[in-house]
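In terms of the working numbering, the sequence shown opens at residue 131 and continues consecutively.
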Amino acid sequence: MREEYRSRQVYFVGGGIASLAGACYLVRDCNFPGKNIHIFEEANVLGGSNDGAGDPEKGYVIRGGRMLNDETYENTWELLMSIPSIDNPDKSVREEIIEFDTAHPTHSNARLVNKNGEVVDVMSMGFDNDDRIALAKLIATSEEKLDKLKINDWFGPHFFETNFWYMWATTFAFQPWHSLAELRRYMIRFMHEFPRIHTLEGVTRTPYNQYDSIILPIKRYLDNYNVDFKMKCTITDLDFKDSKEITVTKIHYKEEGVEKIIELNESDIVIVTNGSMTEGYSLGSMTKAPTLNSKGASWNLWDKISKKRPGLGNPSSFDDHIDGSKWESFTVTCHDSKFFDLMEKFSRNKAGTGALVTFKDSSWLMSIVLAHQPHFRNQPDNIKVFWGYGLHCDNIGDYVKKKMSECTGEEILIELLHHLKFEKDMDDIIKSANCIPCMMPFITAQFMPRSIGDRPQVVPEGSTNLAFIGQFCEIPEDVVFTEEYSVRSARIAVYKLFGIDKQVEPIKQYQYDVRTLFKSFITLFR
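Pasting the structure below:
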């Protein structure tokens, strides 16, 4: 430990993967004392949006489905090489994931299903020449010229009926009214995935859900360094020094209903996860629909501090558009294998080898995915768990004549089973299943149309001790709604604030690779 770190403190706001990664970089690359790292988390569990919890009796819940990519998550993989596996400490988490993924490779045989319950041939992207020209022009246009533009400002109606759109939109959760600049970043960052979007072969799976496979090992790693986790603590405000520089002087927080203040020393650091994708989420049940909630502590904190100093972003672009950023997921716990048996036969994929199955004509634009089982560490052999979601949760169902947002878990299952034409087995499946719906008002808030400056820099100009990490800070060229964005932001924050002379893993530039460009060109005309 360096002598100047002996009394220096680092305070992380939020206990998601960005803060956990930041703490790892501090102990690993800065030789910073773990006991001087404090992670404040409003909930009683770490991981942020990387969740995964439950049991066979009450049912399991995963709010979101997360797909890793072996070729683009540069900093995530580098970090996970440093984290020992829980099950085999001689292996890193990275090695464990790659070993598992190699044994269970992804190659979907049923990406899209039509209204007749038939698997669609998706070898062709379905583009016409207008779609191809618009895509090529988008790639060639600089981001500065796309200020506040929506995807449907650029593309005509035909584009949104192509096989490509149904697959790309549901893989990454894009809506037509989302940011055109963000779509452009995705098209460039994942250009190598474009030719295989119909099989999703580029997806890298973890042995269990990401909480069990990634968050728990990181937590154990940090425990070994005595990192201070302050659970059920809500940061309510930050005070700033009265100067041209951006210097945090006080942290206001609430613990068990009691208001408290931390007075910062000159050398202390504050690293904030501003905004949250899963804040305000609500769970339903087999007999109850979830509710639609609004802003909570994470958004309120960013709203407050952004008004105190210029350069701290504009949260309103992201948190004031719930109708544009919400969708609903559902996790189904099955007490026998009937649904999985039928689904494996239908999709021609064993659980864990397929990918998102999207019902393209579903008014809810519903998708499901069957992970390798068990998907939870405490999941018994006789229990099967799958996940799904609907992008258009305010539309009336095709079979259950209600908005998805107003449906119980049982009604969502009924709608799904009709789309699959599993009516003959419907009663048996529902009798043995527990479907827990989850409404998330801000789940794609990071995709809302934005202007340059709406997301603050990781370390804002003039900041002496404040950084932003997570999905709502600005990292040029990288794509939000990924684990990598959070991990990369944390590494940038730590290295900049501590003056670490070490390179952050660069973003792979596939758009300059001749082979990738050639394959993508061929795919445009497939």
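Beta carbons: idealized from backbone N, C-alpha and C, even for Gly.
Given the structure is predicted, the values throughout are model-derived calculations rather than measurements.
What is the DSSP secondary structure of residue i, counted as helix, strand or coil?
{"i": "L413", "result": "strand"}
{"i": "W494", "result": "coil"}
{"i": "Q601", "result": "coil"}
{"i": "H308", "result": "coil"}
{"i": "A233", "result": "helix"}
{"i": "A183", "result": "strand"}
{"i": "D653", "result": "One detail in the question is off: residue 653 reads as Thr in this sequence, not Asp. Three-state DSSP puts T653 in a helix."}
{"i": "C565", "result": "strand"}
{"i": "P214", "result": "strand"}
{"i": "H465", "result": "coil"}
{"i": "S581", "result": "coil"}
{"i": "E393", "result": "strand"}
{"i": "H548", "result": "helix"}
{"i": "L198", "result": "strand"}
{"i": "I167", "result": "strand"}
{"i": "Y338", "result": "coil"}
{"i": "V589", "result": "coil"}
{"i": "K349", "result": "helix"}
{"i": "D643", "result": "coil"}
{"i": "F289", "result": "helix"}
Below 6 Å CB to CB, which residues in the same chain sit around residue i once its five sequence neighbours on both sides are set aside?
{"i": "A620", "result": "A148, A151, G152 and I599"}
{"i": "G184", "result": "Y190 and V191"}
{"i": "L330", "result": "T236, S238 and A485"}
{"i": "N404", "result": "W432, F598 and F602"}
{"i": "M211", "result": "S222 and R224"}
{"i": "R196", "result": "Q340"}
{"i": "E312", "result": "F577"}
{"i": "E591", "result": "G441"}
{"i": "K278", "result": "P579 and S581"}
{"i": "I652", "result": "none"}
{"i": "S343", "result": "T336 and P337"}
{"i": "C363", "result": "F170, Y383 and E385"}
{"i": "L547", "result": "M556"}
Less than 8 Å between the CB atoms is what I'm expecting for residue i and residue j, so what's the real figure, rounded?
{"i": "Y316", "j": "V609", "result": "5 Å"}
{"i": "P567", "j": "N423", "result": "P567 to N423, Cβ: 14 Å. No contact."}
{"i": "P337", "j": "E201", "result": "Between E201 and P337 the Cβ distance is about 20 Å, and since that is not below 8 Å, they are no contact."}
{"i": "V644", "j": "A240", "result": "V644 to A240, Cβ: 33 Å. No contact."}
{"i": "S497", "j": "T292", "result": "That pair is no contact at about 17 Å."}
{"i": "V624", "j": "T206", "result": "Incorrect: roughly 15 Å between the Cβ atoms, too far for contact."}
{"i": "L394", "j": "I376", "result": "13 Å between Cβ atoms; not a contact."}
{"i": "N161", "j": "R132", "result": "6 Å"}
{"i": "D261", "j": "F285", "result": "7 Å"}
{"i": "G164", "j": "L352", "result": "7 Å"}
{"i": "D450", "j": "K245", "result": "Rounded, the Cβ-Cβ distance is 36 Å, inconsistent with contact."}
May I ask you to list the residues that DSSP assigns as paired with residue i?
{"i": "L242", "result": "T488"}
{"i": "M556", "result": "Its beta-bridge partners do not exist; DSSP assigns none."}
{"i": "I570", "result": "The sequence given here has Met at residue 570, not Ile. Answer is W457, bridged to M570."}
{"i": "K267", "result": "None, per the DSSP bridge assignment."}
{"i": "Y135", "result": "Bridge partners of Y135: none, in fact."}
{"i": "V140", "result": "I167 and I399"}
{"i": "I526", "result": "K533"}
Given residue i, which residues of its chain have a CB within under 7 Å of its CB, disregarding the five upstream and five downstream residues?
{"i": "M473", "result": "L500"}
{"i": "Y615", "result": "Q601, I605, D608 and V609"}
{"i": "S467", "result": "K514"}
{"i": "R656", "result": "M253, S254 and M255"}
{"i": "K649", "result": "P325"}
{"i": "L276", "result": "L310, A311 and R314"}
{"i": "R138", "result": "N166, S397 and D398"}
{"i": "C565", "result": "M416, F460, V462, G539, E540, I542 and L543"}
So, at 8 Å on beta carbons, what are the nonlocal neighbours of residue i in its own chain, with the 5 sequence-adjacent residues on each side left out?
{"i": "T408", "result": "G178, S179, D181, R193, G194, M570, F572 and I573"}
{"i": "K280", "result": "P306, W307, H308, S309, L310 and P579"}
{"i": "T646", "result": "M321, H322 and Y640"}
{"i": "W517", "result": "I192, G195, S459, F460, T461, V462, I498, V499 and A501"}
{"i": "V333", "result": "M197, L198, N199, T236 and A485"}
{"i": "I228", "result": "D200 and T334"}
{"i": "R158", "result": "S212"}
{"i": "K533", "result": "C523, D524, N525, I526 and G527"}
How about residue i and residue j: do their beta carbons lie closer than 9 Å?
{"i": "V140", "j": "D398", "result": "yes"}
{"i": "K638", "j": "E273", "result": "no"}
{"i": "L521", "j": "A264", "result": "no"}
{"i": "R335", "j": "F230", "result": "yes"}
{"i": "A563", "j": "T417", "result": "no"}
{"i": "S428", "j": "S446", "result": "no"}
{"i": "V589", "j": "L543", "result": "no"}
{"i": "G426", "j": "S436", "result": "no"}
{"i": "V378", "j": "N174", "result": "no"}
{"i": "S535", "j": "E458", "result": "yes"}
{"i": "I169", "j": "V357", "result": "yes"}
{"i": "R319", "j": "L268", "result": "no"}
{"i": "I401", "j": "C154", "result": "no"}
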